[in-house]
Structures are given as C-alpha cells and as structure tokens.
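Residue numbers for the sequence shown follow our numbering, beginning at 68 and rising by one.
Yeah, the Cβ is synthetic: ideal placement off N, Cα and C, and Gly gets one too.
Model, not experiment: these values are computed from the prediction.
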Amino acid sequence: MSYPSELRISRFSLLVEIASAEAIPIRLLAEHLGLERTTLFRKLQCLESGGLVRVLTGRDRRTRLVALTEPGAMLLPSALSGWRIAQSHLLAIFRQQRWEALAGEIDDLTRCLPSDDDLMDG
C-alpha cells in the first residue's frame, strides 16, 4: 500500500523508527523492528538511494548508524498524515473492535516467534 507521499508502508515504518533517535545503531534498529541485519541493510539501501537516510560509521568503525537526512525528515509529516488517512479508511471498513482483536493476535504471535539469538543457539 502506498500513501500520498508514495512511501511504502515498510519504508514508512523504518523512517518512523529512525526518526525516534538522532542516529541509531543498525543492530538496535534491527532488534526494534524484528529484522535480521542483512534484511534491514537491503531496506535501508532503498531509503539511502532515495536520499531519505544516511548510514554513518560509529566511533569504533565497526558500528554502523543510520540517521534521517533533511529530505527524510521533511517527508515524515506528510507520510504520517497519509498513514493516518489510510488507517482511518481501513478502520471504517474493518471496524475498530475487529482491528483491535487482530492487532492483539499479531502481538501475541510476534511474542511467540524465536529471536535471532534463539535461532543461533540452536
């Protein structure tokens, strides 16, 4: 699904999470989003090539940080507005009670999924 800003929902979620910090370590961003780092890197490359984020080297040179660029920060308000419009349309069709039940089920399912660390252990 795209919004008036033409930003896909997966990229919108990334921008919102990145905007929550001045510069966030990619490892931490991957944890917050429940993504493997390689998957996250691929998603970030699209945003970086679009000029919406930049990937920086951390103090120890092994750490990679991601931050919004000025165009990324400028796009966020219209993307948020588009998200709210799309969500209200969905709620009008799907109804609030069903939406809340679905969101609860998704949260429960997410908690049941193994973390990357669990998968690596065995």
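### Task
Would you tell me roughly how many angstroms separate the C-alpha atoms of T130 and L95, rounded to the nearest one?
11 Å
### Message
DSSP has P144 in a bridge; who is on the other side?
### Response
In the DSSP output, where bridge partners are listed per residue, P144 has none listed.
### Task
Measure the alpha-carbon distance for I85 versus I160 and round it to whole angstroms.
30 Å
### Task
Flag this pair as yes or no: are the beta carbons of L119 and T105 separated by less than 9 Å?
no
### Query
Can you name the start and end residues of the alpha helix (DSSP H) that A168 belongs to?
Q163 to C179
### Query
Which word fits L158, buried or exposed, when buried means at least 16 other C-beta atoms lie within 10 angstroms of its C-beta?
exposed
### Query
Helix or strand or just coil, what does DSSP make of T124?
strand
### Query
Near H99, which residues of its chain fall below 7 Å by C-beta distance, leaving aside the five closest residues on each side in sequence?
E84
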